[in-house]
Amino acid sequence: MPYVTTRDGTRLHCTDWGEGRPVVLLSAAMADSRMWEFQAPFLAGQGLRCVTYDRRGTGRSDVPWSGYDYDTLASDLADLLDHLDLRDVLLVGYAAGGGEAVRYLSRYGAARVGKLALVASTTPFLLRAPDNPDGLEMALFEEIETAIRADRAAWLRSLTWPFFAGPEADPASTPLSSRLAEWLTDLAMDTSPRAATEIYRTLFTTDQRAETAAVRVPTLVVHGTADLGAPYPLCGPRTAELVPGSTLLTYEGAAHGLFATHADRLNADLLAFAKQ
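The letter at position 220 of the sequence shown is residue 220 when you use the UniProt record's numbering, and the numbering goes up by one with no holes.
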């Protein structure tokens, strides 16, 4: 069952490993399910059913021109959960995947979802606004859009070590080999330029404060203090503050790519949360 077809005819490549409580892993904006190199085999080997998929426009899934807003991405997730008839799911949203997960819950409810983990999530709102004065300037998104159009490969390569090592961008400060870091970064080239731009637009401009506050399933928030993609002060603590009863785990010094740099710790935290 390598593909699931959504309501608008888009085919999503997916994997379904193991047996037990289902865990569905939602990837970062320009990543696909291969980013879960360390999490998916581990969780499936620990008595869980681990489901991953490449969102539309990424990896091995179809590449439509449109559908990169949270409503459509959430409907894709709904189609996957319905097709596999998954229940009591631990939904793990990473970066933009966190926005997808929150939008899914706001649109479709929690009938199929038992728990939520938001890891390096871009929730609740990144953009600067009168009531969000610490947010990021729209000019930053415009710089990203220009870089994607001009030389996406060079732009991605320039982000490799900031993504994994944080603001200091020092390769020696991470446990990753240069080859692993480059491979994980290069996966983003399998995202179409259109999808890359539009998913970034969505995560950058969507205000999810109200729907984040409406989450009512047990929630774990995991965030690194050196995260540049989803800045810690804007995202981790604010998300945790909005979700009633949530637990915030702060990874001191971890950057946006903690799924690789802190894989063992994240695996243990997700497993413990799933088994609670």
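No residue lacks a Cβ here, since even glycine has one placed at the ideal position from N, Cα and C.
Judged by their CB atoms, residue 126 and residue 138 are not nearer to each other than the 8 Å cut-off. Beta bridge pairing from DSSP links residue 117 with 92 and 220. Contact between the region 113-132 and the region 215-230 is present: 3 or more CB-CB pairs across the two stretches fall below 8 Å.
No Cβ-Cβ contact shorter than 8 Å links residue 104 with residue 144. Contact check between the region 177-195 and the region 26-46: three or more CB pairs, one atom from each, fall below 8 Å, which counts as touching. Rounded to whole angstroms, residue 248 and residue 236 show a C-alpha spacing of 7 Å. Comparing alpha-carbon positions, the option among 93, 245, 208 and 261 lying closest to residue 224 turns out to be 261. The Cβ-Cβ distance between residue 85 and residue 56 does not fall below 8 Å.
Nearest in C-alpha terms to residue 73, of all of 227, 195 and 17, is 195. Nearest Cα to residue 181 within the set 102, 198, 168 and 159: 159. Within the same chain, 125, 126, 127, 128, 129 and 234 come within 7 Å of residue 135 by CB-CB distance, once the 5 residues on both sides are set aside. Nearest neighbour of residue 253 by Cα position, chosen from 269, 228 and 245, turns out to be 228. Counting along the chain, the unbroken alpha helix (DSSP H) around residue 71 starts and ends at 70-84. A residue is called buried once 16 or more other Cβ atoms fall within 10 Å of its Cβ, and residue 208 is buried on that count.
Inside the region 153-197, DSSP marks whole alpha helix (DSSP H) runs of 4 or more residues at positions 178-186, from first to last along the chain. With fewer than 16 other CB atoms across the displayed protein chains lying within 10 angstroms of its CB, residue 19 is exposed.
The straight-line gap separating the alpha-carbon atoms of residue 150 and residue 140 is approximately 15 Å. According to DSSP, residue pairing for residue 16 in a beta bridge involves 51. Taking residue 15 as the centre and dropping the five residues before and after it, the same chain places the C-beta of 52 closer than 6 Å to its C-beta, in chain order.
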